[in-house]
Amino acid sequence: DTGVSQDPRHKITKRGQNVTFRCDPISEHNRLYWYRQTLGQGPEFLTYFQNEAQLEKSRLLSDRFSAERPKGSFSTLEIQRTEQGDSAMYLCASSLPGLVNEQYFGPGTRLTVT
Amino acid sequence: DQQVKQNSPSLSVQEGRISILNCDYTNSMFDYFLWYKKYPAEGPTFLISISSIKDKNEDGRFTVFLNKSAKHLSLHIVPSQPGDSAVYFCADHGSSNTGKLIFGQGTTLQVKP
Chain V
1 DTGVSQDPRH KITKRGQNVT FRCDPISEHN RLYWYRQTLG QGPEFLTYFQ NEAQLEKSRL
61 LSDRFSAERP KGSFSTLEIQ RTEQGDSAMY LCASSLPGLV NEQYFGPGTR LTVT
Chain Z
1001 DQQVKQNSPS LSVQEGRISI LNCDYTNSMF DYFLWYKKYP AEGPTFLISI SSIKDKNEDG
1061 RFTVFLNKSA KHLSLHIVPS QPGDSAVYFC ADHGSSNTGK LIFGQGTTLQ VKP
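So the protein sequences, as listed, match chains V and Z.
Residue numbers for the first sequence follow our numbering, so the first one is 1 and each next one is one higher.
Residue numbers for the second sequence follow our numbering, so the first one is 1001 and each next one is one higher.
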């Protein structure tokens, strides 16, 4: 078990550019989550997949954000036309089915928009 | 709205003493809570959880207490060790379907040798 991995670990981009992050969950986990964490705050839920189906998106998630999990394995999160306010740590987590199973987090991708 | 609040941004304790981290919540759907620990440059790692059928759950040096009437939970670490220095988040389940987590703001614990 290699845990949840995320790539890249760091991304610096200029405002207006598009960025894409990748998350590889633990292999037997069919649930996958994306969170965003800004300085001094806890992780904030963005979206959730069960297998390849995206079942929930945060109301706070801008239309510039899109996520996919095409084969129910890895997932990508794309941010179009980045803004400075998008600068944050983007965390991916996975879990087994069931409400109360704990989520396992990856190390995150730190995005800096200049 | 469902909310989780950790009102103490930081806590400093001496090695060997007890650390007590607090968390308050509102409008919990399931009264099932988790504590996560986060070191710099790493993702949060699960520490301990508690469900509404219990008021206490213990795992080694870590104990979580739940007071449903006060809508309050606390994490006790005893004895505290320098390696416990990290940011601690409490979290509530925010959905009946997805298991998404709602996190507090976190408390930075520093354990001094």
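Note that the Cβ used here is the ideal one computed from N, Cα and C, for glycine as well.
Query	Result
CA-to-CA distance, R64 of chain V to F49 of chain V, given in whole angstroms	18 angstroms
Beta-ladder partner(s) of E68 of chain V, from DSSP	V:T76
Residue nearest to Q37 of chain V in terms of C-alpha spacing, selected from Z:F1089, Z:P1113, Z:P1082	Z:F1089
Rounded separation between I79 of chain V and M89 of chain V - CA only	13 angstroms
For N1022 of chain Z, the first and last residue of its enclosing beta strand (DSSP E)	1019-1026
C-beta contact flag for Q1006 of chain Z and T1107 of chain Z at 9 angstroms	yes
Neighbourhood of R81 of chain V by C-beta distance below 6 angstroms, restricted to the same chain and skipping five residues each side	G16, R64
Short CB-CB distance (under 9 angstroms) between R31 of chain V and chain Z	yes
Same chain, Cβ closer than 7 angstroms to S1085 of chain Z, neighbours up to 5 away in sequence not counted	L1109, Q1110, V1111
Exposed unless 16 or more other CB atoms sit within 10 angstroms - verdict on H10 of chain V	exposed
Check whether L1101 of chain Z and L1075 of chain Z have beta carbons under 9 angstroms apart	no
Unbroken beta strand (DSSP E) run spanning R1061 of chain Z, endpoints	No beta strand (DSSP E) contains R1061 of chain Z, which DSSP labels as neither H nor E.
Opening and closing residue of the beta strand (DSSP E) in which M89 of chain V lies	88-95
Extent of the continuous beta strand (DSSP E) run through K1038 of chain Z	1033-1038
Backbone secondary structure at D1001 of chain Z - three-state DSSP	coil
CB contact flag (I26 of chain V, L111 of chain V, <9 angstroms)	no
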